[in-house]
Structures are given as structure tokens and as C-alpha cells.
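Under this note's numbering, the first residue of the sequence shown carries the number 43, and numbering increases by one thereafter.
Yeah, the Cβ is synthetic: ideal placement off N, Cα and C, and Gly gets one too.
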Amino acid sequence: MKNDLKQSLKERIALIDKSLHAYVCKKDNAQSVVYEAMEYSLFAGGKRLRPVLMTEMCRICGGSLEEVMPFACAMEMIHTYSLIHDDLPAMDNDNLRRGMPTSHIKFGEANAILAGDALLNRAFEVATEYSGDTPARALRAVHMLAVSSGTEGMIGGQVIDLSSEGREISVDELRNLHILKTSAIIRSACSIGALIGGASEEEMSAADTFAVNLGTAFQIRDDILDVIGDERELGKPIGSDAEQLKNTYVSLLGLERSKQLVEEYSDKAKAALEIFGDRADFLRELTDYLIIRNN
43 MKNDLKQSLK ERIALIDKSL HAYVCKKDNA QSVVYEAMEY SLFAGGKRLR PVLMTEMCRI
103 CGGSLEEVMP FACAMEMIHT YSLIHDDLPA MDNDNLRRGM PTSHIKFGEA NAILAGDALL
163 NRAFEVATEY SGDTPARALR AVHMLAVSSG TEGMIGGQVI DLSSEGREIS VDELRNLHIL
223 KTSAIIRSAC SIGALIGGAS EEEMSAADTF AVNLGTAFQI RDDILDVIGD ERELGKPIGS
283 DAEQLKNTYV SLLGLERSKQ LVEEYSDKAK AALEIFGDRA DFLRELTDYL IIRNN
């Protein structure tokens, strides 16, 4: 990663983390364990990709960081809750996440489930605390959050993922799975950022095209890393997709074709940013980084 991109990312993540700490922190009360579990997973070292995308898309569309930040934090809470639940024995049954024990290993299954539920609820508490000047946009943004994380988004993709284990599906079915499971909240992050930033319909469309292609490239890179990645860098064992008989781009198309697709989708993502001109240079550099990342 280039030093200037690394520094820009670091600064953006620091601002997001500061806001997240204000919204989610330990409390000394009878239910303190759930706050501890929420905080544990929320600050376990994630890339903050979705809130970074949301805040940056808002910026390039002319919006303010202050106005979009509650939605960015809500998005990260939703993403974190999904990871807690994905790791559960009933789902992917993972013991490590980012090199640390998963929530159910650390706090027990019941508290992990409750911590995920609590983060989801807290996300909508935060998003509906909006006090800006464009309440109609805010209401539409809350709706986007709900749809992208629900049965026609992330949850729907997870259902399809679970039902397809142990049987081969087509590439089109796999693409649809990941458009729901992975790309839906990435698309929502970019669309909400553009919306709160005051984007035109043309800019909203470009933001969505960028996001769906970036989300696909990101997922394919994940599939590749599960085969060739370094466990120490990934913070979790490699080869779990094959062990669980999951369909991936690598299992269906092979490693080399998957690498080509990462580049093709990332090129489409960057092409969609042309409408924003030089303002989108950070997003272009971020896209390039995400397709060569090792974790």
C-alpha cells in the first residue's frame, strides 16, 4: 500500500473509531457482559471498509462528515453483528476472527447471539438519532440500511450460502449469492453516502455501479485468499471454504480465472467513478489496494 493511501486510511479509520467509541462502550450494570461482547467484536481490528466508503462517497458528493457519520457507524455495527453470527457453530463454526477468539468462544454462544442482536438494534438507534437538515434523506437512508441487511440483502445471501453447501451451483447463482451477502451492504454504504451528500440521480447510479463491482471484486479476492493466503496475515485458518464444501469463484472457475475477474470487476468499479473526476482519486487508490490485499 502506498504511504499516502495508508496515512489517509489511518486518518479516516481513526475518526470512525472515535465516533464508534462514543456510541458503544462498556457499562457497569447488570447486563455489562453484553456491552463487553459488543465492544470486543466492534474493536477487533476491522478494515472499516464500509464506513470509509460511505464517508468518502458523501465527501465527493459535497456532504459533511458530521452528517453522515451516524449512518457510517450504524453500518459498521450491522457488519460486525453479521460477523458474530456468521462465526457461530450453527453457521460457519469459526474459532478465530482477525487472529482473536470469536465472540462465542470468548463469551459463550448465548452472549454472542445477544451481542449481535444488540449491535443490530444499536445501529438503528444511532441512525434514527439524526438531527440534520434533510430528514427526508435520512429516512431514505435508514430504509436503505434495513433493506440491504435484511432478507433481500445480506441475510438473504447468507440463507442461500447455507442452502448451497455440499452441492455445486452455477456461476450466475454464486454471483447472485454474493450480490446479496457481500455487495448489498457495500452498495448501501456508497448509496447512503451519496444520498446524504446531496448527489444527483446520475451520481447515485454511478455510486451504485461502483459499489456492486467493488463488492464482487472484494468477494472474489476473499475466495482467493482462502486458498493462497497466509493464516497469520488473515487472522484465521485458510481452506475453510473447501472444508465446508462452500461454492466459491475459485472452486467453480479456478484460481487464474478468479484473479482475472478481480481485475475486470475492479476496472469496472473505477470506470464508474469517472463522473466524479479527481475527487474520486482516493476511491480509485482504495480499489487498487483492495484487489491486491493479503488480509
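| message | By the three-class DSSP mapping on this structure, what secondary structure does Pro-131 have? | response | DSSP, reduced to helix, strand and coil, places Pro-131 outside both helices and strands of the structure shown, so it counts as coil.
| Going by DSSP, which residues form a beta bridge with Leu-138? | Bridge partners of Leu-138 according to DSSP: Pro-143.
| field | Where Glu-151 falls: helix, strand or coil (DSSP) | value | Correct three-state label for Glu-151: helix.
| request: Would you identify the three-state DSSP class for Ala-116, choosing helix, strand or coil? | output: DSSP places Ala-116 in helix when its eight states are reduced to three.
| query | According to the neighbour-count rule (16 or more other Cβ atoms, all chains shown, within 10 Å of its Cβ), is Cys-100 buried or exposed? | reply | Its Cβ being crowded by 16 or more others within 10 Å, Cys-100 is buried.
| field | Buried versus exposed, by CB contacts within 10 Å (16 or more), His-121 | value | Answer is buried; the Cβ neighbour count reaches 16.
| task | Over the uninterrupted alpha helix (DSSP H) stretch that includes Arg-217, give me the two end residues. | result | Looking at the DSSP string, the run of the alpha helix (DSSP H) that includes Arg-217 is 213 to 223.
| task | Quick one: give me the first and last residue of the alpha helix (DSSP H) that Gln-49 is part of. | result | Counting along the chain, the alpha helix (DSSP H) containing Gln-49 begins and ends at 45 to 65.
| CB Val-76 to CB Leu-156, shorter than 7 Å? | Yes, the Cβ-Cβ distance between Val-76 and Leu-156 is below 7 Å.
| Any idea if Ser-212 is buried or exposed, counting beta-carbon neighbours within 10 angstroms, 16 or more meaning buried? | Exposed, since its Cβ has fewer than 16 Cβ neighbours within 10 Å.
| request: Return helix, strand or coil for Ala-249, following the three-state DSSP convention. | output: Correct three-state label for Ala-249: helix.
| task | Just tell me which of Ala-226, Leu-138, Glu-245, Leu-91 has its CA closest to the CA of Gly-104. | result | It is Glu-245.
| Residues near Leu-62 in its chain [Cβ-Cβ closer than 7 Å; skip 5 each side] | Residues of the same chain with a CB within less than 7 Å of the CB of Leu-62, apart from the 5 flanking positions on each side, are Leu-84, Cys-115, Glu-118 in chain order.
| Which residue from Val-292, Glu-327, Ile-280, Ser-308 puts its Cα closest to that of Arg-140? | Per the Cα distances, Ile-280.
| message | Can you tell me whether Ala-180 is buried or exposed? The criterion is at least 16 other CB atoms within 10 Å of its CB, across all chains shown. | response | Burial call: buried.
| said: Would you call the segment 297 to 311 in contact with the segment 248 to 255, where contact means no fewer than 3 C-beta pairs closer than 8 Å? | reply: Here the segment 297 to 311 lies against the segment 248 to 255, with 3 or more beta-carbon pairs under 8 Å apart.
| field | Assigned exposure category for Cys-232 - 16 Cβ within 10 Å defines buried | value | By the Cβ-count criterion, Cys-232 is buried, with 16 or more other Cβ atoms from all chains shown falling within 10 Å of its own Cβ.
| said: Considering only their Cβ atoms, is the gap separating Thr-144 from Asp-134 smaller than 7 Å? | reply: Their beta carbons are not under 7 Å apart, which means Asp-134 does not touch Thr-144 by this criterion.
| Is it right to say Thr-97 is buried, meaning 16 or more other beta carbons lie within 10 angstroms of its own, or is it exposed? | When all chains shown are included, Thr-97 counts as buried.
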